[in-house]
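Peer 1: Input: one structure, supplied below.
Chains as they are written, first to last, in our numbering: chain P, 403 to 702; chain Y, 15 to 399.
See the structure below:
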């Protein structure tokens with residue numbers, strides 16, 4: 403029984419990592435109807451920005467929660483800039499073109515970042531400095547919880563609520579929803595659409611940056627291709643939850659984390675990835691709008 | 015639109031530069047063909063197993079420099095042409111083709127990982143170029159053809175060593191296995207371990223698996239934890255092993271981890287930290303060996319690279335020395351003569367033990383068991399075939 407609950411905890415903490423990445427995916431899709439495949443590479447860049455910042459200031463010498471916050475802010479800011487640059491130079495010139503062009507460009511940007519990363523950072527995995535080590539282990543009668551993973555789960559939920567607030571409670575959010583509804587009408591109403599889209603990318607990328615730092619801390623091995631698998635899984639999570647829906651992304655991610663955990667625990671570990679993508683196919687077949695999504699007519 | 019065109023041009027230039035840099039080669043010596051014997055080397059200088067390639071290369075380089083300083087081979091100097099395969103089989107295959115067709119090498123040294131050696135061996139075999147792998151331990155590697163050799167023991171032996179060690183020395187009666195299903199090396203070791211361990215009377219309580227890019231192993235480890243094994247056999251490579259050890263300790267698993275030569279890297283301690291302490295691995299040699307041959311080698315290696323050679327560096331050194339010895343005995347670099355000379359290698363005194371090439375072109379020699387202690391490896395025992 404202890405093992406069962408341990409599996410639940412493991413699954414939820416794995417899911418909360420997917421959730422952090424899925425949030426950015428779903429947000430950009432919600433506004434732009436563009437699947438930003440470069441998102442998982444922004445996440446990788448976030449991990450590396452965190453890595454170099456920690457190394458430069460030798461933050462692993464005296465680990466503290468402040469260090470983590472500091473590195474996270476630097477990585478989020480850096481990723482926001484990267485997100486802005488990607489949008490400005492890769493996606494904006496294609497604004498008028500059909501959706502498929504932007505999609506292919508997204509794949510191109512993703513590959514470009516992966517392999518520039520290999521050139522710039524080197525292809526060998528790097529050890530992530532331990533800039534924050536929460537005291538001890540939390541254990542309840544044989545049940546082990548890594549405090550770091552609890553922090554990741556809390557941060558994922560906080561960021562989800564923050565995003566909900568931005569989208570539904572602020573002027574920027576209203577503008578985002580207007581742009582998502584109809585870009586041309588929004589422009590006619592005087593909404594600076596380019597600015598809103600840039601802001602969307604920057605917020606989404608900052609989320610990926612935060613995810614990169616947190617994941618680097620939990621699984622202290624980072625390399626330029628680290629974004630590929632989690633990125634795909636987060637994409638699946640976003641689709642399962644209903645792409646474009648912020649709460650759906652988190653629910654989809656937790657569900658994916660749990661199902662992966664249980665496949666490994668009670669089935670065969672080799673089926674782990676097969677399950678994630680099998681789930682994607684099933685959802686697309688039977689509920690293409692996702693668990694939480696509304697049934698919108700597709701514009702593509 | 016001007017800026018975006020400028021950027022496109024910039025990106026293209028960057029991309030092209032990126033591509034050419036990757037295929038770069040470095041030659042040592044650079045003498046015109048004819049005055050030197052050219053030997054190819056393929057290794058992973060970057061990627062998940064980068065320290066394997068780098069250590070092996072330093073061993074090979076040390077052997078080559080010493081040989082050239084002493085007058086070279088057959089009156090010529092030896093030149094090593096090396097290619098990086100980034101830890102990918104397809105790159106290893108491309109590099110092998112290049113070495114054979116473009117550089118006309120007399121022989122090839124490489125690879126460490128069995129999967130990559132298996133990508134290279136068919137090419138070397140069909141072109142009839144002798145290939146010597148320093149440390150690929152999967153049995154199938156040399157079965158590819160009669161031009162493929164190795165100077166290390168094979169997985170069934172390494173797996174059997176750890177099984178005997180677990181049962182006899184650690185007195186463990188129940189063991190769990192966590193294997194990398196994507197690596198021939200890991201699967202080979204796990205299978206051999208299972209076979210021997212059952213034969214001596216132990217019980218395998220769980221056989222879990224993972225794949226190369228995984229970073230989360232908690233599901234497998236939680237399943238293992240419930241069965242209370244006395245040791246866990248993790249025959250993977252160091253990057254994953256470090257993470258596995260960490261997560262095992264996080265889950266409160268106290269049982270020691272056991273592994274093979276794939277753990278042999280300074281990065282193991284960096285990633286695994288305190289979590290790998292108290293674990294055991296089988297390896298090709300131990301720097302604690304007091305024999306003059308080994309201590310001399312360690313001294314020269316330290317002078318050249320400022321570090322103590324790991325097992326892979328010693329294997330690289332031996333692979334190069336065995337090859338040079340065979341060229342000397344063959345009296346030429348003719349492929350057929352060189353092959354026969356390699357096959358006839360007997361009791362060659364290498365730093366990793368006396369090397370005899372058997373009829374399956376494998377080396378038979380003892381393995382050592384090391385313990386991870388105080389951020390280093392310490393010698394526990396030697397186990398003979």
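Every residue, glycine too, gets a C-beta built ideally from N, C-alpha and C.
Under 8 angstroms by Cβ, that's how I've got residue 429 of chain P and residue 652 of chain P pegged, so tell me the actual separation to the nearest angstrom.
Peer 2: 12 angstroms between Cβ atoms; not a contact.
Peer 1: Rounding to the nearest angstrom, what Cα-Cα distance links residue 246 of chain Y and residue 178 of chain Y in this structure?
Peer 2: In a straight line, the C-alpha of residue 246 of chain Y is about 14 angstroms away from that of residue 178 of chain Y.
Peer 1: Closest Cβ-Cβ distance between residue 663 of chain P and chain Y: below 8 angstroms?
Peer 2: Yes, residue 663 of chain P counts as interfacial toward chain Y.
Peer 1: In angstroms with no decimal places, state the Cα-to-Cα distance between residue 489 of chain P and residue 619 of chain P.
Peer 2: The alpha-carbon atoms of residue 489 of chain P and residue 619 of chain P are separated by roughly 28 angstroms.
Peer 1: Apply the 10 Å Cβ neighbour rule to residue 34 of chain Y and answer buried if 16 or more other Cβ atoms are within range, or exposed otherwise.
Peer 2: Reliability fails at residue 34 of chain Y, whose pLDDT of 45 lies under 50, so the model's placement of it is uncertain and no value is given.
Peer 1: Against chain P, with Cβ distances strictly below 8 angstroms, would residue 113 of chain Y count as a contact?
Peer 2: So, not an interface residue.
Peer 1: In whole angstroms, what separates the C-alpha of residue 600 of chain P from that of residue 472 of chain P?
Peer 2: Cα to Cα, the separation comes out at about 24 angstroms.
Peer 1: Which one of Y:306, Y:148, Y:189 has the shortest CA to CA distance from residue 219 of chain Y?
Peer 2: Of the candidates Y:306, Y:148, Y:189, the one whose C-alpha sits nearest the C-alpha of residue 219 of chain Y is Y:189.
Peer 1: Using a Cβ cut-off of 7 angstroms, pull out every chain P residue sitting near residue 285 of chain Y, in sequence order please.
Peer 2: Those within 7 angstroms of residue 285 of chain Y in chain P are 529, 622, 623.
Peer 1: Report yes if the C-beta distance between residue 153 of chain Y and residue 202 of chain Y is below 8 angstroms; otherwise report no.
Peer 2: Yes, these two residues count as a Cβ contact at 8 angstroms.
Peer 1: Starting from the beta carbon of residue 646 of chain P, find every residue of chain Y whose beta carbon is closer than 8 angstroms, and list them in chain order.
Peer 2: Result: empty, since nearest Cβ-Cβ is about 27 angstroms, beyond 8 angstroms.
Peer 1: So, are the CB atoms of residue 119 of chain Y and residue 74 of chain Y less than 8 angstroms apart?
Peer 2: Result no, Cβ atoms of residue 119 of chain Y and residue 74 of chain Y do not sit closer than 8 angstroms.
Peer 1: Does residue 671 of chain P get closer than 8 angstroms to chain A when you measure Cβ to Cβ?
Peer 2: No chain A appears in the structure shown, which is made up of the protein chains P and Y.
Peer 1: Counting only the same chain and skipping the five closest in sequence on each side, list residues whose C-beta sits under 8 angstroms from that of residue 638 of chain P.
Peer 2: So the list reads 654, 658, 678, 679, 681, 682, once near-sequence residues are dropped.
Peer 1: Excluding the five sequence neighbours on either side, which residues of its own chain have a C-beta within less than 8 angstroms of the C-beta of residue 107 of chain Y, listed in chain order?
Peer 2: Result list for residue 107 of chain Y: 133, 134, 137, in chain order.
Peer 1: Tell me where the alpha helix (DSSP H) around residue 694 of chain P begins and ends.
Peer 2: Careful: residue 694 of chain P lies outside any alpha helix (DSSP H) and carries neither H nor E.
Peer 1: If we cut at 8 angstroms on Cβ distances, does residue 548 of chain P have a partner in chain Y?
Peer 2: Closer than 8 angstroms: yes.
Peer 1: From the DSSP output, in three-state form, read off residue 529 of chain P for me.
Peer 2: Correct three-state label for residue 529 of chain P: strand.
Peer 1: Going by DSSP, what residues sit across from residue 393 of chain Y in a beta bridge?
Peer 2: DSSP lists Y:384 as partners of residue 393 of chain Y.
Peer 1: Under 7 angstroms Cβ-Cβ, which residues of chain P neighbour residue 97 of chain Y?
Peer 2: Here the premise fails: no neighbours, minimum Cβ distance about 14 angstroms.
Peer 1: Express the C-alpha separation of residue 230 of chain Y and residue 632 of chain P in angstroms, rounding to a whole number.
Peer 2: Distance between the alpha carbons of residue 632 of chain P and residue 230 of chain Y is about 11 angstroms.
Peer 1: Enumerate in chain order the residues of its own chain whose CB-to-CB distance from residue 612 of chain P is below 6 angstroms, with the five nearest sequence positions on each side excluded.
Peer 2: 474, 478.
Peer 1: Residue 210 of chain Y and residue 250 of chain Y - do their beta-carbons sit closer together than 8 angstroms?
Peer 2: In this structure, residue 210 of chain Y does not lie closer than 8 angstroms to residue 250 of chain Y by Cβ.
Peer 1: Going along chain Y, which residues have a C-beta under 9 angstroms from residue 408 of chain P?
Peer 2: Result: 232, 236, 239, 240, 265.
Peer 1: Secondary structure at residue 192 of chain Y, three-state DSSP: helix, strand or coil?
Peer 2: Of the three classes helix, strand and coil, the one that applies to residue 192 of chain Y here is strand, per DSSP.
Peer 1: Under the three-state reduction of DSSP, which class applies to residue 493 of chain P: helix, strand or coil?
Peer 2: It is helical.
Peer 1: What do you reckon, are the CB atoms on residue 516 of chain P and residue 443 of chain P nearer than 8 angstroms?
Peer 2: Contact: yes.
Peer 1: Cα separation between residue 607 of chain P and residue 438 of chain P?
Peer 2: Looking at the two C-alpha atoms, the distance is approximately 10 angstroms.
Peer 1: Apart from the five residues just before and just after residue 243 of chain Y, which ones in its own chain have a Cβ nearer than 8 angstroms to its Cβ?
Peer 2: Around residue 243 of chain Y: 186, 188, 189, 190, 219, 220, 269.
Peer 1: Are three or more beta carbon pairs between the region 89 to 96 of chain Y and the region 293 to 308 of chain Y nearer than 8 angstroms?
Peer 2: Judged by Cβ distances under 8 angstroms, the region 89 to 96 of chain Y makes no contact with the region 293 to 308 of chain Y, as fewer than three pairs qualify.
Peer 1: So, at 6 angstroms on beta carbons, what are the nonlocal neighbours of residue 595 of chain P in its own chain, with the 5 sequence-adjacent residues on each side left out?
Peer 2: Cβ within range, chain order: 581, 585, 588, 589.
Peer 1: Taking its Cβ as the centre, do 16 or more other Cβ atoms sit within 10 Å of residue 567 of chain P, making it buried, or is it exposed?
Peer 2: By the neighbour-count rule (16 or more Cβ atoms within 10 Å), residue 567 of chain P is not buried but exposed.
Peer 1: Have a look at residue 593 of chain P and residue 660 of chain P and give me their C-alpha separation to the nearest angstrom.
Peer 2: Between residue 593 of chain P and residue 660 of chain P, the C-alpha separation is close to 41 angstroms.
Peer 1: Using a 10 Å radius around the Cβ and a threshold of 16 neighbouring Cβ atoms, would you call residue 635 of chain P buried or exposed?
Peer 2: Answer is buried; the Cβ neighbour count reaches 16.
Peer 1: Anything in chain P within Cβ reach of residue 288 of chain Y, meaning under 9 angstroms, just list it in chain order.
Peer 2: Here the premise fails: no neighbours, minimum Cβ distance about 11 angstroms.
Peer 1: In chain order, what residues of the same chain lie with their CB nearer than 6 angstroms to the CB of residue 296 of chain Y, ignoring the 5 residues before and after it?
Peer 2: 172, 175, 176, 274, 381, 383.
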